[in-house]
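A short write-up of the structure that comes next.
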Amino acid sequence: MIITTQAQEKLQDLVQTHFPVKNAPKNTAVFKELSYAVAMSDFVLDVFQKQPQFLADCLEKVPELPDGNQYFSRLNHELNQTNNQERCYQILRQFRNREMALLSICQSLNLGTVEQIFILLSQLAESLIIGARNWLYQQACDEMGTPTDAQGNPQLLYILGMGKLGGFELNFSSDIDLIFTYPASGETVGGRKAIDNQQFFVRLGQRLVNALDQFTADGFVYRTDMRLRPFGDSGALALSFSAMESYYQEQGRDWERYAMIKGRILGYDPQDPNIIALRQLLRPFVYRRYIDFSVIQSLREMKGKIEREVRRRGLVDNIKLGAGGIREIEFIVQVFQLIRGGREISLQQHSLLNLLPELERLKLLPTQQRQDLTQAYLFLRRVENVLQAINDKQTQLLPTASEDRQRLISACAKFTQFNSTQQAQTIYYPIYDWNSFYTVLQQHQQKVRCVFDELIGDSKENKPQSNENGWQDLLEMSDAEIEKLLTEQQIPESHFDEILDHLHKFRHELQHRVIGTRGQETLNQLLPQLFSQIFAHSAYLTLLPRMLNIVEQILSRTTYLELLLENPQVLTQLLTLCSQSNMIAEQVARHPILLDELLDQKSLQNPPHFEQYPTELQQYLLRLPPDDEEQIIYALRQFKQATLLRIAAADILGVLPIMKVSDHLTYLAEAIITAVVNLAWQQVTARFGRPAHLSDNEKGFIVVGYGKLGGIELGYKSDLDLVFLYDGIQGQTEGGKKSVDNFQFYLRLAQKIVSIFSMNTSAGVLYEVDLRLRPSGDAGLLCNSFAAFKKYQQNDAWTWEHQSLVRTRAVYGEPKLRQQFEQIRTDILATPRDLQKLKTDVLEMRAKMYQHLANHNPAKFSIKTDQGGITDIEFIAQYLVLANAPNNAALAYWSDNVRIFERMAEFQVISLETAEQLKHCYTSLRNRIHHLNLLGEKTVVDGSEFSEVRLFIQQIWKELFKQ
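Structure (structure tokens):
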């Protein structure tokens, strides 16, 4: 006995505070007993302080073990006295605290067995839950009307008590796990406005959780956990019976079967047909008709998960989760229920202590093992309840404080439990101090562990593996556990908040997404691998949000989760690419089909020659019906995205230099332009026929590429600057449903081409197309004849339009028409012009562009638009062509800047050294822009970058344009 002087003094002070001396209770034997109960539980003293009448009742005579069957009627009597919610909350909490304190006293004084205490705790919880539900249900019906089914029958909220509550094995300060359900869909009647049954029951469920869980001046009733319901936190708070049945049949997981074994309908009424229906609905999910050995591995995995949590959180001396703890005894019993419960009706019950004799009877457990498990379970539950009764706190950790240790020593040396004939008997253990207590505890735990290992253990589980992944239980880890793991991986503490923010958002997204059983299992295996690799990478802050975004987009597409899990090289390659390219990360997230491209590592390392793109695309389209426009348009986008990914991968992996990357991107665009023109031609000719003057293989039409397309310098984000020209022969179409003149035909063809490029499908837009460089710009015709184009260039074009013409070439059309365009281009560029006016026009245009487009922050440098940047180099190339081609038409041959400079050096317009330096400057700047595009960043860099390049370009500029 540890009747301390301190406990007696505290109780004496309390008695004197609440009762006059003449009225103070005189029963010293009772006072002595209560002093011991106070010494064992600070919670009891706290309740005495707040409810002095309860103290007075206890001082009159030693409390007796209450009748649990009377809880509900006694509570209901009090609740019926009020219609006020605040008063309802107060009644629930005061009733709970008073009865819990009484049970603590009975436990401390051994007035009830271990079994009786946790049965009474369960009965008390059930009475409080059902009492609160009934009170709130009536209030809700008065407010919203009574929920009814299609036949007009009133509907009630049914509550499944899970875990220890379901098994009549509740802890002293346990959370409660609940699931809410109702019989059928329908709507309310008798209210101001009819509402859907689900809406009614969700609101009622929310109110019930608040009534139990909310902390007030009187404390709380129970911490309430609703995460075991279908779909967890992302699911509705209450579901109909049919919705529950559908969920468990289609998506129920092994751990949910495991949890539902303990599921018990609270407030059970054997006359209620809905309760019978609900039990019949749930039974097939939990109990299979056949002997089901498949659950052993699932239970083993669950146990492994718990063991990793114990190690991760440092849960040493955890009597529930540790080796040989309460959870292992529950595992042993429940594995037999899951395997054989469908065939053995006697195993279809909730109480562990009732199940152990059945397992012995069925010869599933030897007598000695059954006895060992029973004695260990009762001892561990005694320890657990004594621990939790000290301060009404949920804990399963052995205490370090000497006072609390002394409480356990006293409580566990002698207590009562039922024998095999259900008679209370006193149990004595050789416990005298903490060492002897710990010895007895370990003996029980070792016996449990032996049985567990024999049945469902795994020798690999007993010790942590050297290669164990710390991220294995990421979704269940607390922030503190994540921070500890990050610290172990040498991640700076300054990055913790940003990392946790990403993880919180990801978890929130998970809660609102429906993932099937297979998908969840795959995700649980994939995430540890993913996070291990992310935080082994130097760019983890960049990679984390990009990879989480990809995972979010494929959550409901299990095939892609499995692709990443089963192909580690794909995951590694994806991390490499996404670390260097936000563009790739966004494209893969938007179009997960691109993950298939990463399966073939050789194709990434050895991209096809860019001249093969037309053939590849043609083969790609051959599998589609030739008249299915929608499928072809979608396929074009898929081909572009897949090829773009391969090009970007080859770029990042160092297989392609910058110039070759642009070649690939340019010829990819050309291949797609050809396919688009052919598709548009097919559709327009199907309606209008074809111009009569054309032979079978002719179209009389070309596409001219301007800008980066014309200069074979496309980047990852480049749009297409296009101009459409046709042969200009007058006449009509023939062979279609309707004949039109040739001009109208080519106008319709151009419109259709633009429409196909611009159509926004689920795979995105094919290319952004810019037609403003055509004659007269936006005011001009969409398609011009060669003659009209030439006339405009000769008579009406501005100098800047001739500058643009330098960077043009035919990207689609018959050879003879391409040659015709090249001749027009050469003639225009080689036309004699006033050199001084040319300089003035070029300078004025550059000044306008600088004013409207350049960066004006001196600390920054816009690679494209600032002085000494890409635009200046392009203007230099264009000026050199326009100024010198009139004397030598060969100088107008090339459309790309690099070869323009080479040709200028070849004909000694500029020195070879200057040409090489210009090429170096240009490719350096382009390379930087290129990789900034891959990263998804702006093409503005620190002002200190490229200082030598800019100085050289500005020097050349001054030499060329000096007045």
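Heads up: the sequence shown begins at 1430 in the working numbering, then just goes up one per residue. Cβ atoms here follow ideal geometry from the backbone N, Cα and C, with glycine treated the same way. Since we're looking at a predicted model, the values are computed, not measured.
Output the distance between the C-alpha atoms of residue i and residue j, rounded to the nearest integer angstrom.
i       : j       : result
Thr1916 : Asn1898 : 15 Å
Ser1923 : Trp1900 : 20 Å
Gln1700 : Ile1558 : 20 Å
Ser1775 : Leu1767 : 12 Å
Gln1545 : Tyr1500 : 15 Å
Asn1747 : Thr1511 : 43 Å
Tyr1867 : Val1631 : 47 Å
Leu2389 : Ile2329 : 16 Å
Asp1926 : Arg1712 : 45 Å
Gln1435 : Glu1679 : 60 Å
Gly1945 : Ser1985 : 7 Å
Leu2405 : Phe1597 : For the chain, the structure presents residues 1430 to 2392; residue 2405 sits outside this window and is missing.
Gln2060 : Thr2072 : 18 Å
Arg1810 : Asp1882 : 21 Å
Cys1402 : His1873 : Only positions 1430 to 2392 of the chain appear in this structure, which leaves residue 1402 out of reach.
Arg2116 : Ala2014 : 42 Å
Pro1921 : His1937 : 25 Å
Pro1659 : Phe1670 : 12 Å
Glu1890 : Trp1684 : Only weak support is given to the placement of Glu1890: the predicted model assigns it a pLDDT of 47, under 50, and the value that follows is read from those uncertain coordinates. Taking the straight line from one Cα to the other gives about 19 Å.
Ser1533 : Gly1541 : 10 Å
Asn1600 : Glu1950 : 31 Å
Asp1862 : Leu1870 : 12 Å
Tyr1611 : Leu1977 : 37 Å
For the beta strand (DSSP E) that residue i lies in, which residues bound it at each end?
i       : result
Asp1833 : Not the beta strand (DSSP E): Asp1833 falls in the alpha helix (DSSP H), residues 1831 to 1842.
Phe2153 : 2149 to 2155
Tyr1587 : 1587 to 1590
Phe1609 : 1605 to 1611
Glu1616 : 1616 to 1618
Asp2371 : 2369 to 2371
Phe2290 : 2289 to 2291
Ala1667 : 1667 to 1669
Glu2163 : 2162 to 2164
May I ask you to report which of helix, strand or coil DSSP gives residue i?
i       : result
Asn2171 : helix
Arg1942 : coil
Asn1747 : strand
Glu1845 : Per the sequence shown, residue 1845 should be read as Thr rather than Glu. Residue state, collapsed to three classes: strand.
Phe1964 : coil
Lys2219 : helix
Pro1492 : coil
Gln2048 : helix
Ala2276 : helix
Ile1856 : strand
Pro2120 : strand
Arg1986 : coil
Asp1486 : helix
Glu1730 : helix
Lys1892 : Because Lys1892 sits at a pLDDT of 49, beneath the cut-off of 50, its placement in the model cannot be relied upon, and the following sentence gives the value as read from the coordinates. It is coil, neither helix nor strand.
Thr1850 : coil
With respect to the alpha helix (DSSP H) encompassing residue i, which residues constitute its N-terminal and C-terminal limits?
i       : result
Asp1578 : Element bounds for Asp1578: n/a, residue is neither H nor E.
Asp2080 : 2058 to 2081
Asn2213 : Run containing Asn2213: none in the alpha helix (DSSP H); it sits in the beta strand (DSSP E), 2212 to 2214.
Tyr2135 : Segment 2130 to 2135 is the beta strand (DSSP E) holding Tyr2135; no alpha helix (DSSP H) there.
Phe1808 : 1796 to 1820
Glu1910 : 1908 to 1917
Arg1621 : Taken as a continuous stretch (DSSP letters only), Arg1621 belongs to no alpha helix (DSSP H), as it is neither H nor E.
Thr2343 : 2341 to 2364
Check: For the segment 1619 to 1630 against the segment 1568 to 1581, are there 3 or more C-beta pairs whose distance is under 8 Å?
Finding: yes
Check: For the 8 Å Cβ check, are there 3 or more pairs between the segment 2297 to 2314 and the segment 2274 to 2286?
Finding: yes
Next item on the list: Kindly provide the ranges of any alpha helix (DSSP H) runs that are 4 or more residues long and lie completely inside the segment 1514 to 1572, ordered along the chain.
Entry: 1514 to 1537
Margin query: Check whether the segment 1559 to 1574 and the segment 1794 to 1808 touch, using three or more Cβ-Cβ pairs below 8 Å as the test.
Written below: no
Checklist line | Stretch-stretch touch, CB-based, cutoff 8 Å, three pairs: the segment 2037 to 2047 with the segment 1999 to 2012 | finding: no
Notebook entry, point to check: Should the segment 1704 to 1717 be regarded as contacting the segment 1685 to 1695, the criterion being three or more beta carbon pairs within less than 8 Å?
Noted result: yes
Checklist line | Cβ contact (3+ pairs, closer than 8 Å) linking the segment 2234 to 2242 and the segment 2127 to 2147 | finding: yes
Margin query: Tell me whether the segment 2216 to 2227 and the segment 2177 to 2192 touch, counting them as touching only if at least three CB pairs, one residue from each stretch, are closer than 8 Å.
Written below: no
Next item on the list: Determine contact between the segment 2252 to 2263 and the segment 2316 to 2334, defined as no fewer than three beta-carbon pairs at a distance below 8 Å.
Entry: yes
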